[in-house]
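**Q**
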DNA sequence: GCGACAG
DNA sequence: ATCTTGTCGC
């Protein structure tokens, strides 16, 4: 699977911000897909000693949640961690990993925000726009915005707001645990995104997709030490 | 100026 | 992300 939009990644901070502003206009904030059979989960881990990132993608069958394909890629990092420019650090190895996949998913679940971003273009939106595939942003913590504590039962949610604009939701994926911050990535509405995240999180805080890819990268890191 | 700040 | 200390729940 290859990106529809190609652009350089080795940009200055200012160039990266300008590119985000250009690409942000391409984000589709409504449901725009036909059928979702396979869902991909993406996660990236950091190799301690060397200067490497490890990206893992897992593809699950949408109805059974069984893993049907997975790929792990190790790559160098050159972009620093800057809040708001996260995708320029973590997406290059993710794009390489997608290139090796046989199956093309109809939905991608990301560990990182989508619209819940200062320029409304977090990692999930960035990935969705360059591949033109529906994506959902899932953050364990928020980047910005305010929210009311949602009810404590699984499925309860409250909106994440920034200057009166709804940019995402604080969604309780399991009873009595911290909410997950869900936002639109691309080609999906917030309502549909939350519905998918609940369906993909039967036993865990994170969706099974990102949980499985998290396991993959951790196993590889442990095997190397 | 001060605090906050996806991973 | 990773590390650490203390607390609570299973």
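In the working numbering, the protein residues as written are 170 to 394.
Note that beta-carbon positions come from the ideal geometry of N, C-alpha and C, so glycine has one too.
#1: Quick check on the DSSP output: the alpha helix (DSSP H) that includes residue 315 runs from which residue to which?
#2: For residue 297 versus residue 356, is the C-beta distance shorter than 8 Å?
#3: Judging by CA-CA distance, which residue of 256, 321, 363 and 201 is the nearest neighbour of residue 224?
#4: Going by the DSSP bridge assignment, what does residue 328 pair with across the sheet?
#5: Rounded to the nearest angstrom, what separates residue 241 and residue 286 at their Cα positions?
#6: Quick check on residue 213: buried or exposed, where buried means 16 or more other Cβ atoms within 10 Å of its Cβ?
#7: If residue 320 sits next to residue 341, beta carbons under 8 Å apart, how far is it from one beta carbon to the other, in whole angstroms?
#8: Considering just the uninterrupted stretch of the beta strand (DSSP E) at residue 216, what are its terminal residues?
#9: Nearest-angstrom Cα distance between residue 288 and residue 270?
#10: My output table needs one value for residue 238: the three-state DSSP class, helix, strand or coil.
#11: Compare the Cα-Cα distances from residue 372 to each of 352, 350, 345 and 362 and report the closest residue.
#12: Mind reading off the beta-carbon distance from residue 279 to residue 237? Whole number of angstroms is fine, and I expect it under 8 Å.
#13: Within the continuous alpha helix (DSSP H) that includes residue 366, where are the two ends?
#14: Less than 6 Å between C-beta atoms, sequence neighbours within five positions excluded: which residues of the same chain meet that for residue 254?
#15: How would you call residue 250, buried or exposed, if buried means at least 16 neighbouring beta carbons within 10 angstroms?
#16: Is it the case that the Cβ atoms of residue 359 and residue 338 are separated by a distance below 8 Å?
#17: Taking all protein chains shown into account, decide if residue 268 is buried (16 or more other Cβ within 10 angstroms of its Cβ) or exposed.
**A** Once the coordinates are examined:
#1: For the purposes of this step, residue 315 is taken as the residue at position 146 of the first chain. From DSSP, residue 315 is part of no alpha helix (DSSP H); its letter is neither H nor E.
#2: Looking up residue 297 in the first chain gives position 128. Looking up residue 356 in the first chain gives position 187. Yes, they are a contact pair.
#3: In the first chain, the residue the question calls residue 224 occupies position 55. Checked all of 256, 321, 363 and 201; the closest Cα to residue 224 is 256.
#4: What you label residue 328 is simply residue 159 of the first chain in a count that begins at 1. Partner(s): 338.
#5: Along the first chain, read from residue 1 onward, the residue named residue 241 stands at position 72. Along the first chain, read from residue 1 onward, the residue named residue 286 stands at position 117. Cα-Cα distance, rounded: 27 Å.
#6: Locating residue 213 in the first chain gives position 44, where the first residue counts as 1. Residue burial annotation: residue 213 is buried, with at least 16 other C-beta atoms found within 10 angstroms of its C-beta.
#7: Here residue 320 is taken as the residue at index 151 of the first chain, counted from 1. Here residue 341 is taken as the residue at index 172 of the first chain, counted from 1. Contact holds; Cβ gap of about 7 Å.
#8: Counting from one through the first chain, the residue named residue 216 turns up at place 47. Note, residue 216: beta strand (DSSP E), 207-216.
#9: Numbered from 1 along the first chain, position 119 holds the residue referred to as residue 288. Numbered from 1 along the first chain, position 101 holds the residue referred to as residue 270. Distance between the alpha carbons of residue 288 and residue 270 is about 30 Å.
#10: Locating residue 238 in the first chain gives position 69, where the first residue counts as 1. Three-state DSSP puts residue 238 in a strand.
#11: Translated into the one-based positions of the first chain, residue 372 becomes position 203. Of the listed residues, the one whose Cα sits closest to residue 372 is 345.
#12: Within the first chain, numbered from 1, the residue matching residue 279 stands at position 110. Within the first chain, numbered from 1, the residue matching residue 237 stands at position 68. The pair is not a contact, with the Cβ atoms about 19 Å apart (cut-off 8 Å).
#13: As a working note, residue 366 is residue 197 in the first chain. Taken as a continuous stretch (DSSP letters only), the alpha helix (DSSP H) holding residue 366 covers 359-368.
#14: For the purposes of this step, residue 254 is taken as residue 85 along the first chain, with counting starting at 1. Only 185 meet the Cβ criterion.
#15: Within the first chain, the letter at position 81 stands for residue 250. Answer is exposed; the Cβ neighbour count stays below 16.
#16: As a position in the first chain, residue 359 is number 190, starting the count at 1. As a position in the first chain, residue 338 is number 169, starting the count at 1. Taking 8 Å as the Cβ cut-off, residue 359 and residue 338 qualify as a contacting pair.
#17: Residue numbering aside, residue 268 sits at position 99 when the first chain is read from its first letter. By the neighbour-count rule (16 or more Cβ atoms within 10 Å), residue 268 is not buried but exposed.
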